[in-house]
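Quick note, our numbering runs 264 ahead of the 1-based positions in the sequence shown. C-beta atoms are modelled at their ideal positions from N, C-alpha and C, and glycine is treated no differently.
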Amino acid sequence: MEKNDELIKEEESKYILQTYRRYPISLVKGKGAFVWDASGKKYLDFIAGLAVCNLGHSHPKIVDILKKQATTLIHTSNLFYTIPQINLAKKLIELSFSGKVFFCNSGAEANEAAIKLARKYGKKVGDKYEIITMENSFHGRTLATLTATGQTKFQKGFDPLPEGFKYCKFNDIEDFKKKITLNTVAVIIEPIQGEGGVNIAKAEYLASIRDICNKQNILLIFDEVQTGIGRTGEMFAFQNYHDLTPDVMTLAKALGSGFPIGAMVVSDKFSDYLSFGDHASTFGGNPLAAATGCATLDVIKEENILEKVKRVGASFLIQLNTLAKKYSFVKEVRGQGLMIAMELTIDGDRIVKKCVQEGLLINCTCGNILRILPPLIISNNEIEKALEILDNVLGNIDN
Ligand SMILES: Cc1ncc(COP(=O)(O)O)c(C=O)c1O
Numbered sequence: 265m266e267k268n269d270e271l272i273k274e275e276e277s278k279y280i281l282q283t284y285r286r287y288p289i290s291l292v293k294g295k296g297a298f299v300w301d302a303s304g305k306k307y308l309d310f311i312a313g314l315a316v317c318n319l320g321h322s323h324p325k326i327v328d329i330l331k332k333q334a335t336t337l338i339h340t341s342n343l344f345y346t347i348p349q350i351n352l353a354k355k356l357i358e359l360s361f362s363g364k365v366f367f368c369n370s371g372a373e374a375n376e377a378a379i380k381l382a383r384k385y386g387k388k389v390g391d392k393y394e395i396i397t398m399e400n401s402f403h404g405r406t407l408a409t410l411t412a413t414g415q416t417k418f419q420k421g422f423d424p425l426p427e428g429f430k431y432c433k434f435n436d437i438e439d440f441k442k443k444i445t446l447n448t449v450a451v452i453i454e455p456i457q458g459e460g461g462v463n464i465a466k467a468e469y470l471a472s473i474r475d476i477c478n479k480q481n482i483l484l485i486f487d488e489v490q491t492g493i494g495r496t497g498e499m500f501a502f503q504n505y506h507d508l509t510p511d512v513m514t515l516a517k518a519l520g521s522g523f524p525i526g527a528m529v530v531s532d533k534f535s536d537y538l539s540f541g542d543h544a545s546t547f548g549g550n551p552l553a554a555a556t557g558c559a560t561l562d563v564i565k566e567e568n569i570l571e572k573v574k575r576v577g578a579s580f581l582i583q584l585n586t587l588a589k590k591y592s593f594v595k596e597v598r599g600q601g602l603m604i605a606m607e608l609t610i611d612g613d614r615i616v617k618k619c620v621q622e623g624l625l626i627n628c629t630c631g632n633i634l635r636i637l638p639p640l641i642i643s644n645n646e647i648e649k650a651l652e653i654l655d656n657v658l659g660n661i662d663n
């Protein structure tokens, strides 16, 4: 570490609550698929701010809109109508399904809004309140969303947790059926579990859940916080599934290209259950955030990003599978679009640390799963470079 980095580290631990384990570099600049640390070292960024910087770092159109909107109107509160917010809601609805949008600032808040909507809906249809979520899911860190998260490690030490959550096995329709009671009001599911290790929901499974929800008036909520905004090759992951639409979809992360924003999209059938005074957010959908959201969606269309993600993602997956064959400790490579995982039989953190040293940023989840989330604007040359680094690191690891 450079001396400069030492000082940064020291001050961080002195002034910042120690809730994050960080890699020993401080990032100071980003452009496209690259970031630079304080000592000037360049890294290929295959984390993309944890699926946030889908358009890469400092995309010129995002920078332009931020400057333009900042000099026009940054914030007003939701006591007033603001045009960027309405424009963004309209775009989201046109791109997804007929309904209405509530804006907030993060993924947890979007899911919190969905939980509140489910509770309100439940009250109207017979005092029901139970929400089914999936084992291995991740929905956020507020008290309700960490309870919705089907991983006890995130809940430990925070009890008593809110009541009314049940967990079922992902991709297991019989288990889902078993967990339904007369009290069940909603199910929350990530079409591809991100934090849980890039586990893809099977088409038949989601179709059966949709069918059961229709028949039993259960709200089907898709958490697309990580899968949304082009990551999987469609604007929203539910669009990878034939003829399948959720009742509610939550978004955040890449929607603002790095500017914080969250959204809950609610289909027509359920859009009247939250009414005046039921929910609010001071910053939710403010002009700066909403204008950035609009620009993000426009760039995805203008630059034909979805087609690119499908093409580049498919070939990257093949290349990673070829690489995996060389190493017995690689259990599986899986993914959709540019949301990819390499599951190992050994500890993944070591590999991530080595990759960082070699100039490639990737993430490790669940202890042994390398999560690879490049920006969607990634070039073939950048992918080649990442594969070269990864091959080199895997080839030199003791196992
Ligand atoms: C699927 C999913 N839902 C919700 C969240 C929480 O989002 P945030 O950290 O913006 O609150 C995340 C964050 O990783 C996520 O991946």
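Are the Cβ atoms of residue 663 and residue 618 separated by less than 9 angstroms?
Their beta carbons are not under 9 angstroms apart, which means residue 663 does not touch residue 618 by this criterion.
For residue 489, is the beta carbon positioned less than 8 angstroms from some heavy atom of ligand 1?
Yes - ligand 1 has a heavy atom lying nearer than 8 angstroms to the Cβ of residue 489.
Does residue 543 get closer than 9 angstroms to chain B when you measure Cβ to Cβ?
The structure shown contains no chain B, having only a single protein chain.
Is the beta carbon of residue 494 closer than 9 angstroms to that of residue 604?
No; because the gap between Cβ atoms is not below 9 angstroms, this pair is not in contact.
Where does residue 278 sit, in a helix, a strand or coil, going by DSSP?
Helix, per DSSP.
Are residue 602 and residue 308 close, meaning C-beta to C-beta below 9 angstroms?
No, Cβ-Cβ distance for residue 602 and residue 308 is not below 9 angstroms.
Looking at residue 263 and ligand 1, is the gap between the Cβ and the nearest heavy atom below 8 angstroms?
There is no way to answer for residue 263, as the model of the chain reaches only from 265 to 663.
Any chance the stretch 387-402 sits against the stretch 429-443, with 3 or more Cβ pairs inside 8 angstroms?
Cβ pair count under 8 angstroms is three or more, so yes.
Who are the Cβ neighbours of residue 364 in its own chain at under 6 angstroms, not counting the five residues just before and after it?
Counting only Cβ-Cβ distances below 6 angstroms, and skipping sequence neighbours, we find 530 and 535.
Any idea what DSSP makes of residue 285, helix, strand or coil?
Three-state result, residue 285: coil.
Residue burial classification, residue 445 (beta-carbon count within 10 angstroms, cutoff 16):
Exposed.
Per-residue DSSP class, three states only, for residue 301
The answer is strand: DSSP assigns residue 301 an E or B state.
Candidates 290, 323, 303 and 466: closest to residue 297 by CA position
Here the closest residue by C-alpha is 323.
Taking the beta strand (DSSP E) that residue 450 falls in, what are its first and last residues?
448-453 is the extent of the beta strand (DSSP E) around residue 450.
Can you name, in chain order, every residue of its own chain whose Cβ lies under 6 angstroms from the Cβ of residue 293, other than the five neighbours on each side?
For residue 293, where only same-chain residues beyond five positions count, the Cβ hits under 6 angstroms are 300.
Are the stretch 405-422 and the stretch 343-350 touching by the rule of at least three beta carbon pairs closer than 8 angstroms?
Short answer: they don't touch.
Beta-carbon proximity list for residue 471, same chain, < 7 angstroms, skipping 5 on both sides:
Residues 508 of the same chain have their beta carbon placed closer than 7 angstroms to that of residue 471, with the five preceding and five following residues left out of the count.
Any non-hydrogen atom of ligand 1 within 8 angstroms of residue 314 CB:
True, at least one ligand heavy atom lies under 8 angstroms from that Cβ.
What number of angstroms, rounded off, separates the C-alpha of residue 383 from the C-alpha of residue 589?
Residue 383 and residue 589: Cα-Cα distance of roughly 48 angstroms.
Which residue comes first and which comes last in the beta strand (DSSP E) that contains residue 469?
That residue, residue 469, is in no beta strand (DSSP E); its alpha helix (DSSP H) goes 467-480.
Given this structure, state the Cα-to-Cα distance separating residue 584 from residue 634, to the nearest angstrom.
If I take the Cα positions, the gap works out to 12 angstroms.
Regarding residue 400 and ligand 1, is the C-beta to nearest heavy atom distance less than 8 angstroms?
Residue 400: no, Cβ never under 8 angstroms from ligand 1.
Given residue 265, which residues of its chain have a CB within under 6 angstroms of its CB, disregarding the five upstream and five downstream residues?
Its pLDDT being 48, under 50, residue 265 is placed unreliably by the model, and the measurement read from it follows with that caveat. Closer than 6 angstroms at Cβ, skipping near neighbours: 288.
With residue 432 as the anchor, note down where its alpha helix (DSSP H) starts and where it stops.
Counted as a single uninterrupted DSSP element, the stretch harbouring residue 432 is not any alpha helix (DSSP H) but the beta strand (DSSP E) occupying residues 429-432.
Check this for me: beta carbons of residue 340 and residue 551, under 9 angstroms apart or not?
Inclusion of residue 340 and residue 551 in the CB contact set at 9 angstroms is warranted, their separation being smaller than that value.
To the nearest angstrom, how far is it from the Cα of residue 437 to the Cα of residue 460?
Answer to the nearest angstrom: the Cα atoms are 19 angstroms apart.
State yes or no: is the C-beta of residue 405 nearer than 8 angstroms to some heavy atom of ligand 1?
Because some heavy atom of ligand 1 lies under 8 angstroms away, the Cβ of residue 405 counts as near it: yes.
Report yes if the C-beta of residue 390 is less than 8 angstroms from at least one heavy atom of ligand 1; otherwise report no.
Checking the Cβ of residue 390 against ligand 1 gives no.
Thinking C-beta only, is residue 482 closer than 9 angstroms to residue 449?
In contact: residue 449 and residue 482 (Cβ atoms closer than 9 angstroms).
Are the stretch 544-562 and the stretch 347-360 touching by the rule of at least three beta carbon pairs closer than 8 angstroms?
Yes, since at least three Cβ pairs between the stretch 544-562 and the stretch 347-360 fall closer than 8 angstroms, the two stretches touch.
Does the beta-carbon distance from residue 455 to residue 502 come in below 9 angstroms?
Against a cut-off of 9 angstroms, the Cβ pair of residue 502 and residue 455 comes out as a contact.
Would you grab the beta carbon distance between residue 404 and residue 372 for me? Rounded to a whole angstrom, and I think it's under 8 angstroms.
With a Cβ gap of about 3 angstroms, residue 404 and residue 372 count as contacting.
How big is the Cα-Cα spacing for residue 380 and residue 317?
About 29 angstroms.
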